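Everything below concerns the one structure shown next.
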Amino acid sequence: MSKTAAQHPLDGDHSFAKLEEADVAQASSIKSVYVYEAPVRIWHWVNALAITVLAISGYLIGSPLPTVAGEASDHYVMGYIRFAHFAAGYVLAVGLLGRIYWAVVGNHHARELFWVPIFQKAYWAELVGMLKWYAFIAPRPGRFVGHNPLARFAMVFGFMVLAVFMILTGFALYGEGSQMGSWQERMFGWVIPLMGQSQDVHTWHHMGLWGLVIFVIVHVYAAIREDIMGRSSVVSTMISGHRTFKD
Ligand code: HEM
Ligand code: HEM
Numbered sequence: 404m405s406k407t408a409a410q411h412p413l414d415g416d417h418s419f420a421k422l423e424e425a426d427v428a429q430a431s432s433i434k435s436v437y438v439y440e441a442p443v444r445i446w447h448w449v450n451a452l453a454i455t456v457l458a459i460s461g462y463l464i465g466s467p468l469p470t471v472a473g474e475a476s477d478h479y480v481m482g483y484i485r486f487a488h489f490a491a492g493y494v495l496a497v498g499l500l501g502r503i504y505w506a507v508v509g510n511h512h513a514r515e516l517f518w519v520p521i522f523q524k525a526y527w528a529e530l531v532g533m534l535k536w537y538a539f540i541a542p543r544p545g546r547f548v549g550h551n552p553l554a555r556f557a558m559v560f561g562f563m564v565l566a567v568f569m570i571l572t573g574f575a576l577y578g579e580g581s582q583m584g585s586w587q588e589r590m591f592g593w594v595i596p597l598m599g600q601s602q603d604v605h606t607w608h609h610m611g612l613w614g615l616v617i618f619v620i621v622h623v624y625a626a627i628r629e630d631i632m633g634r635s636s637v638v639s640t641m642i643s644g645h646r647t648f649k650d
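Numbers 404 to 650, taken from the working numbering, label the letters of the sequence shown in order.
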């Protein structure tokens, strides 16, 4: 006999659905706060993609692939790698300008990326509390709507400072390629004598890559760990914008 809709296992008095509803009725209600507005979220993921492309292409500029046989202009391998690097470099720079604009017009969480309340004692106490939580010393973390105090410190000093540094040194190097008098050279050329000479800028720009790689490893670890072990949603917050609390 074929099953009709009425005979579906989820229907009737002893259905799973009813049992589950009883469970749901006992569950504590989920509280949620809208934290990250759409431009912040879109910027985050575009920025993450740009940094990934920059890191891979930058690494290949510094440690090129083995030479391919034939005319360089026929296969153009380095040309494509450098193009990807420069295109992603522009995305990073223009994205950061857009993100600065949103810090001005967006909600107060949009400004957390740009400063740290270093003169507030409570901030440092909470930061130490989070450090202990990450180090498995404290049994319970605090509850925060925006970035937690440690995440905020890492965002400002681990990401923002490094990103600005990479843009300054990157465009200074770009200015060398686009020649004297180009806007890149006129706006960023001063960086080269400040650091010594061209090779010093290459070396520092290259060091910045490893700084960002360390940031990304720690950041992704912390985001996933907090999502599983912490008291609120984390990864889904950067997707939906809402922070939900588990207790
Ligand atoms: C190249 C890769 C990445 C970079 C450079 C990066 C950078 C950042 C920055 C700068 C912020 C602060 C956003 C703001 O306040 O506007 C942030 C937040 C965040 N990122 Fe990433 N991110 C990267 C990859 C990822 C990945 C792969 C995940 C997911 C596993 C992730 C999850 C998050 C979450 C959940 C937040 C919000 C944290 C909180 O609410 O305190 N990120 N990220
Ligand atoms: C996340 C940010 C970035 C990373 C990780 C990164 C990484 C790198 C690395 C590792 C190199 C090779 C350096 C060497 O060993 O000589 C490089 C070269 C270079 N980067 Fe970046 N970079 C970033 C951002 C930028 C930006 C924003 C620009 C500006 C357009 C830029 C422009 C350049 C230029 C012009 C070179 C030299 C290319 C050459 O000599 O052929 N970079 N980058």
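In this text, a Cβ means the ideal position worked out from N, Cα and C, and glycines have one as well.
The structure displayed is predicted, hence computed values, not measured ones.
Which of helix, strand or coil DSSP assigns to residue i
i	result
residue 646	strand
residue 577	helix
residue 438	coil
residue 431	coil
residue 405	Caution is warranted here: a pLDDT of 46 is assigned to residue 405, below 50, making its placement in the model unreliable, and no coordinate value can be reported.
residue 460	helix
Straight-line gap, residue i to residue j (C-alpha atoms, nearest Å)
i	j	result
residue 548	residue 513	12 Å
residue 618	residue 627	14 Å
residue 452	residue 421	44 Å
residue 629	residue 621	12 Å
residue 590	residue 480	29 Å
residue 568	residue 430	48 Å
residue 536	residue 635	14 Å
residue 404	residue 448	Confidence is the limiting factor: at residue 404 the pLDDT is only 40, short of 50, which leaves the residue's position unreliable, though a coordinate-based value still follows. Roughly 52 Å between the two C-alpha positions.
residue 560	residue 519	9 Å
residue 433	residue 613	40 Å
residue 466	residue 605	12 Å
Pick from the options that is closest to residue i, judged by C-alpha positions
i	options	result
residue 554	493, 623, 462, 614	623
residue 523	552, 428, 566	552
residue 445	476, 494, 435, 458	494
residue 539	642, 648, 632, 639	632
residue 458	438, 440, 471, 491	491
residue 443	510, 578, 466	510
residue 642	425, 438, 606, 428	438
residue 546	603, 496, 637, 570	637
residue 592	607, 645, 575	575
residue 596	616, 474, 571	571
heavy atom of ligand 2 below 7 Å from residue i C-beta
i	result
residue 489	yes
residue 454	yes
residue 655	For residue 655 there is no data in the structure shown, the boundaries of the chain being 404 and 650.
residue 608	yes
residue 499	no
Residue i CB to nearest heavy atom of ligand 1 below 7 Å
i	result
residue 594	no
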